[in-house]
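Before any comments, here is the structure.
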Amino acid sequence: MSSNLVKLAEIVDDAARLAHEISQLTTMAPDLTVEDAYAIQALSLARRYARGERRVGMKMGLTSRAKMAQVGVSEMIWGRLTDAMQVEEGAGIAIDRYVHPRVEPEVAFLLKAPLAGKVTQAQALAAVEAVAPALEIIDSRYKDFKFTLPDVVADNSSSSGFVVGEWRRPDLDAGNLGLVLEANGQAVQVGSTAAILGHPVRSLVAAARLVAQWGERLEAGWVVLAGGITAAHPLARGMTVRTVMQDLGSVSFQVEG
Ligand code: OOG
Ligand code: MG
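Our numbering puts the last residue of the sequence shown at 348; the count rises by one with no breaks.
Printed below as a string of structure tokens:
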């Protein structure tokens, strides 16, 4: 492994750990490829595991047009979730632990069996134990939340926190469920789960394919976030955030004042 990639992994890991913004890695390393970026992501996560964090899942990113348009990157990406990123439903988060956090409504899958490689939608669904409404807290470590594809991938695809609501039966069809994202009780985004590749299960199919390219598999017990359904909304001190999804129920958290 090139020492340069190790150095870049240390830069993104420190930025996430200490909540400070950094310049895009591609300004320092203009030749950085997407493959290098996934290697940096793996190296930066290895630093988290060494500090005692445990891998609990995977998040898919840029699986809806609204998300692609908001950040100006139109390639599907993925990142790794650890136990330290999970926020309990209804809990409060301290905004100083983030650079410029945003929140987005997502659908979460809980797996009961491993999945990897080329799988059909039926095979993916057969590995699902339960489905839940979720909120992802994303926080790009890059100045002004601006990045290229390799930058965002190296930064663990902006992974920062996630909140999962009550788990529902896996046979609930999450294909086209209406939802609202609220900040302080006011609707700030509305959408449908169909915005995720036509059906969120397609994101799970893609997740199985993408991890296999890196020699991994989705494990039983993991949470897989299918990707933001609407554009993300900036968090502010004292804000209460909630998403309400048709048939799936709601999930919320607070930003401490
Ligand atoms: C990149 C992460 C994208 C999603 O759900 O699309 C993502 C970003 O928007 O900073 O989490
Ligand atoms: Mg997301």
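We put the CB at the ideal spot given by N, CA and C, even for glycine.
(request) Check each candidate in 278, 221, 213 and 99 and name the one with the smallest Cα separation from residue 258. (result) It is 221 whose Cα lies nearest to the Cα of residue 258.
(message) Under DSSP, the beta strand (DSSP E) around residue 113 begins and ends at which residues?
(response) No beta strand (DSSP E) holds residue 113; DSSP gives it neither H nor E.
(request) Taking only beta-carbon positions, decide if residue 170 is within less than 8 Å of chain C. (result) The structure shown contains no chain C; it holds only a single protein chain.
(request) With a floor of 3 residues, list each beta strand (DSSP E) that falls wholly inside the stretch 109-190, ordered by position along the chain. (result) Counting only runs of 3 or more residues that sit fully inside the stretch 109-190, the beta strand (DSSP E) segments are 146-152 and 168-173, in chain order.
(request) May I ask you to report which of helix, strand or coil DSSP gives residue 309? (result) In the structure shown, residue 309 sits in a strand (DSSP, three-state: E or B).
(message) Based on DSSP bridge pairs, tell me the residues matched to residue 259.
(response) Looking at the DSSP output, residue 259 shares a beta bridge with 222.
(request) In the DSSP assignment, find the beta strand (DSSP E) that holds residue 316 and state where it starts and stops. (result) Run containing residue 316: 314-316, per the beta strand (DSSP E) assignment.
(message) Does residue 102 come out as helix, strand or coil in the three-state DSSP assignment?
(response) Correct three-state label for residue 102: helix.
(request) With hydrogens ignored, establish whether the beta-carbon of residue 166 is closer than 7 Å to any heavy atom of the ligand MG. (result) Look at residue 166: its beta carbon is at least 7 Å from all of the heavy atoms in the ligand MG.
(message) Between which residues of its own chain and residue 166 is the CB-CB distance below 7 Å, once the five residues before and five after are set aside?
(response) Apart from sequence neighbours up to five positions away, the residues of its chain that approach residue 166 with a beta-carbon distance below 7 Å are 153 and 240, ordered along the chain.
(message) Let's see if you can read the secondary structure: which residues bound the beta strand (DSSP E) around residue 302?
(response) Not the beta strand (DSSP E): residue 302 falls in the alpha helix (DSSP H), residues 291-304.
(message) Taking 6 Å as the limit between beta carbons, can you name the residues of its chain near residue 195, skipping five residues before and five after?
(response) Non-local C-beta neighbours of residue 195 in its own chain, meaning closer than 6 Å and more than five positions away in sequence, comprise 227, 319 and 323, ordered along the chain.
(request) Determine the contact status of residue 282 and residue 295, defining contact as a CB-CB distance below 8 Å. (result) Between residue 282 and residue 295, the C-beta spacing is not below 8 Å.
(request) Would you kindly report the start and end of the unbroken alpha helix (DSSP H) that includes residue 244? (result) In this chain, the alpha helix (DSSP H) harbouring residue 244 covers 240-245.
(request) Report the option in 309, 302, 338 and 268 whose CA atom is closest to the CA atom of residue 321. (result) The alpha carbon of residue 321 has as its nearest neighbour, out of 309, 302, 338 and 268, the alpha carbon of 268.
(request) Please look up how many angstroms separate the CB atoms of residue 208 and residue 314, rounded, as I've assumed it's under 8 Å. (result) Approximately 20 Å separates the beta-carbon atoms of residue 208 and residue 314; this is outside 8 Å, ruling out the contact.
(message) Residues in the same chain with beta-carbon distance under 7 Å from residue 244, minus the five sequence neighbours each way, listed in chain order, please.
(response) Only 125, 128, 129, 132 and 168 meet the Cβ criterion.
(request) Along the beta strand (DSSP E) that carries residue 274, what are the first and last residues, could you check? (result) Looking at the DSSP string, the run of the beta strand (DSSP E) that includes residue 274 is 269-274.
(request) Compare the beta carbon distance of residue 330 and residue 275 with 8 Å and say whether it is the shorter of the two. (result) Yes, these two residues count as a Cβ contact at 8 Å.
(request) Give the straight-line distance between the Cα atoms of residue 236 and residue 176, rounded to the nearest whole angstrom. (result) The straight-line gap separating the alpha-carbon atoms of residue 236 and residue 176 is approximately 19 Å.
(message) Would residue 287 and residue 342 qualify as a contact pair, given that the criterion is a beta-carbon distance under 8 Å?
(response) Cβ atoms of residue 287 and residue 342: not closer than 8 Å.
(message) Considering only their Cβ atoms, is the gap separating residue 256 from residue 225 smaller than 8 Å?
(response) Contact flag set, yes.
(message) Using the three-state DSSP reduction, which class does residue 339 fall into: helix, strand or coil?
(response) Three-state result, residue 339: coil.
(request) Name, in chain order, the residues that DSSP records as bridge partners for residue 205. (result) Beta-bridge pairing links residue 205 to no other residue.
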